[in-house]
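Engineer: After the structure tokens below, expect a handful of questions from me.
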Amino acid sequence: TTYGRQYSETVTSLSLGADRRVYQGDRSTVRVGASITQAKANVGYTRGSGTINMTAVGVSATLQANSGPYVTGGISGATLRNAYNATDLEGANTSGKFNVKALGTTLDAGWPFDLGHGVSLEPSVAAVAGFMFGDQRATSAGVSTDLNRKTFGMVNAGVTLKHTGTSSLGSHEIHARIAGV
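Just so you know, full-length UniProt numbering puts 149 at position 149 of the sequence shown, and the rest follows in order with no gaps.
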């Protein structure tokens, strides 16, 4: 980075979710679901460190044609908390934190192709739009940190390789995805 500064970040996250079929017709199926995600990032700076914690909850609905193609829409809300400590070039220590809340929407569509034995290949496209509320804090050194309200969006396309199976214990789905923005 600029002036030889170093930066590192390690992110760990866990998402749990469930969905339920609420409609099964001759030509399509509708599923609704909910999820929760918890993420933590440990950040290292040349002269300091920080921790970022994020919690998000979301709901979604999927309409899938029996012939394969689907469309999913969802909404979510999240909170993000960042706390850090750093030492400047003169040796003064400073610390601070900020809390941010965000709302988002997603829309994605795809078409899975069955390859047999529970394996499918699924090209898809997704769009995300959101709104991040601002936050204003002061560091321990009295420096104001203002995070202005932001809107954001992104579109990506990709392909997912999926394995789905069932047994007397339940069902599973394992997938790997490659996508580009």
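Just so it is clear, CB atoms sit at the ideal spot from N, CA and C, and this is done for glycine as well.
Would you mind working out which of Val43, Asp26, Ala39, Leu16 sits nearest Leu63, comparing C-alpha positions?
Structural biologist: Asp26
Engineer: Using a Cβ distance threshold of 8 Å, determine whether the region 98-105 contacts the region 119-133, with at least three qualifying pairs required.
Structural biologist: These segments touch.
Engineer: How do the region 110-127 and the region 151-161 stand: do at least 3 beta-carbon pairs fall below 8 Å, yes or no?
Structural biologist: yes
Engineer: Run through DSSP, which three-state label would Ser140 get?
Structural biologist: coil
Engineer: Is the region 69-80 close to the region 39-54, with three or more CB pairs under 8 Å?
Structural biologist: yes
Engineer: Using 8 Å for Cβ pairs, my map puts Val71 next to Ala109. What's the rounded Cβ distance?
Structural biologist: 5 Å
Engineer: Could you name each continuous beta strand (DSSP E) segment of 3 residues or more that falls completely within the region 147-179, going from the start of the chain to the end?
Structural biologist: 150-167
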